[in-house]
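Beneath this line is the structure, given in structure tokens, with notes to follow.
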Amino acid sequence: MISSKPYLFRGIYQWLLDCQLTPYVMVDATLNDVQVPEDYIEDGQIILDMTPSAIIDLEMGNESVEFKARFSGVTRHIVLPMPAILALYAYENGRGMVFTDEDEDDVPPSPGDNDPSSGGKPNLRIVK
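In the working numbering, the protein residues as written are 9 to 136.
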């Protein structure tokens, strides 16, 4: 099954912007392929302001979120793989979503799980 996380992320992000709130993303900076400025990492995590005026070249794909942002006057390319994104919320009131890793642990169903030929009668009846 495809992870719902990128879809939820995009939806919550747009909702925060529609509500004129400041989207903050909390990231696990210890995971592989995360590209963030190391000077701002605290306890293995970093929180980034994703307001459109604070970032450029935003790309929200199914595998990662990427954008450019300035830190102390230096433009940095930021890469946030989906598994590293812990939460997306409004700075003003904390409303948003904390993501669990349940999507990452999903096991695809085995071919016989929903196979109608696996025995038993169908449970269909006529409804009038």
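Even for Gly, the Cβ is constructed at its ideal location relative to N, Cα and C.
The C-alpha of G81 lies about 27 Å from the C-alpha of G69.
Between the alpha carbons of G104 and Q28 lies a gap of roughly 13 Å. I86 is a Cβ neighbour of E74, given a cutoff of 8 Å.
A Cβ-Cβ separation of about 19 Å leaves I64 out of contact with F17 under the 8 Å criterion. Burial check for P60: the Cβ neighbour count within 10 Å stays below 16, so the residue is exposed. C-alpha of L96 to C-alpha of I10: approximately 20 Å in a straight line. Beyond the five residues adjoining it in sequence on each side, I49 comes within less than 6 Å, by CB distance, of A37 in the same chain, given in chain order.
With fewer than 16 other beta carbons inside 10 angstroms of its own, F79 counts as exposed. Distance from the Cα of A98 is smallest, within the candidate group L24, G19, S12, for L24. Burial state of I20 is buried, judged by a 10 Å Cβ sphere holding 16 or more other Cβ atoms. If you draw a straight line from the Cα of P45 to the Cα of G52, it is about 12 Å long. Looking from the CA of M58, the closest CA among L88, R133, Y15, I134 belongs to L88.
For L25, the enclosing alpha helix (DSSP H) starts and ends at 13-26.
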